[in-house]
Amino acid sequence: MTIVKKRTKKFARHQSDLFMRIQRSSWRKPKGIDGRVRRRFKGALPMPSIGYGSDKKTRNTLPCGFKSVVVSNVSDLEMLMMHNRTYAATVAHSVSSRGRREIIERAEQLAIRVTNAAAKLRDEEDA
């Protein structure tokens, strides 16, 4: 099933184009009494609403078609054994390079896809 997003652009914070300090900031709901954006005037910035939500079938799906599960150790990986066609493992940021190597080896045995398999891995001659 193809993933269709109703909106891929981030929602811009009201008047974020006027101030450098909030240029790349995340969405904040306008709370002013006279705000054009809050009152949804024509030509004003769009506000996030439930109608922009993704299709339930493809929500939280990666472009490769899998859903992501964060894995910290080999026993976390065992949970995905029966679901290796639906879920892909993502090795947690805090896992050491030795732990990563063990997780990736076990994932190959269980035919589980690892999204960040190349992270924090160096060749043997470099180490």
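Whatever position you read off the sequence shown (first residue = 1), add 7 for my numbering. Glycine included, every Cβ here is placed at the ideal spot set by N, Cα and C. In this text the structure is predicted, and so the values were computed from the model without any measurement.
Exposure label - residue i; buried when at least 16 CB within 10 Å
i, result
"residue 119", "buried"
"residue 20", "buried"
"residue 77", "exposed"
"residue 40", "exposed"
Three-state secondary structure assigned by DSSP to residue i
i, result
"residue 77", "strand"
"residue 96", "strand"
Whether residue i touches residue j by CB criterion (8 Å)
i, j, result
"residue 28", "residue 37", "no"
"residue 113", "residue 127", "no"
Supposed close pair residue i, residue j - CB separation, criterion 8 Å
i, j, result
"residue 102", "residue 75", "Going by Cβ atoms, the distance from residue 102 to residue 75 rounds to 15 Å, so no, they are not a contact pair."
"residue 109", "residue 81", "6 Å"
"residue 34", "residue 18", "4 Å"
"residue 122", "residue 95", "5 Å"
"residue 12", "residue 61", "6 Å"
"residue 8", "residue 63", "Residue 8 to residue 63, Cβ: 11 Å. No contact."
Sufficient close CB pairs (3 or more, under 8 Å) joining the region 44-58 to the region 80-87 = Segment contact: the region 44-58 against the region 80-87, fewer than three CB-CB distances shorter than 8 Å; contact not assigned.
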